[in-house]
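Engineer:
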Amino acid sequence: MRTRLGAVTIGAVLIAGNSLVASAQPAFAQPATRLPISSVGGVVVDGVHKQIFISDPQSGKIVATGYDGTVIATRSGLPGVAGISLSPDAKTLYGAVRGADSIVSLATETLTETARYDTGTGTGPKFLAYAGV
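So, in structure tokens, the structure goes:
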């Protein structure tokens, strides 16, 4: 699946074995960037900041990349982080942290943790859905 955004074409994230490659290029080029992740739990595109967020449950982190695959920021210490969701204003990224029975709130521009919400012992949240303002 490809999405056209201005002069940049964003290619699908390709998963082969334990490798993940993000590809974003003008229509005439085919560069690829190997990302520092070992699994994929969720992918969210932030059109406001022109970033792509990828959760890596196996490594316990979220990686933010530019549309070209350049790593902008990484937030580790999120064991089993899977589902991720972006707030409507694109200022906050939420992640379901299964290994910590919590939902984490991160500032999208820096991936700085702004809050953590306990979901209860043994709940292991995996998916998120934005439910309103």
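Letter by letter, the sequence shown follows residues -6 to 126 in our numbering. Backbone N, C-alpha and C fix where the C-beta goes; we use that ideal spot for every residue, glycine too. Note that the structure is predicted; figures quoted are calculated from it, not measured.
Sort out for me which residues DSSP pairs Gly59 with in a bridge.
Structural biologist: Its beta-bridge partners are Gln44.
Engineer: With three or more C-beta pairs closer than 8 angstroms as the rule, is the segment 62 to 71 touching the segment 108 to 118?
Structural biologist: No, because fewer than three Cβ pairs between the segment 108 to 118 and the segment 62 to 71 fall closer than 8 angstroms, the two stretches do not touch.
Engineer: Which of the three DSSP states, helix, strand or coil, is assigned to Ala122?
Structural biologist: Note: Ala122 maps to coil in three-state DSSP.
Engineer: Can you name the start and end residues of the beta strand (DSSP E) that Gly88 belongs to?
Structural biologist: Thr85 to Val90 is the extent of the beta strand (DSSP E) around Gly88.
Engineer: With H, G and I counted as helix, E and B as strand and the rest as coil, what does DSSP make of Ala93?
Structural biologist: Note: Ala93 maps to helix in three-state DSSP.
Engineer: Excluding five sequence neighbours on each side, which residues of the same chain lie with their C-beta closer than 8 angstroms to the C-beta of Ala76?
Structural biologist: Sequence check: residue 76 is Gly here, not Ala. Hits under 8 angstroms: Gly34, Gly35, Ser48, Gly88, Ala89, Pro118, Lys119, Phe120 and Leu121.
Engineer: What do you reckon, are the CB atoms on Leu86 and Leu79 nearer than 8 angstroms?
Structural biologist: A contact, by the Cβ cut-off of 8 angstroms.
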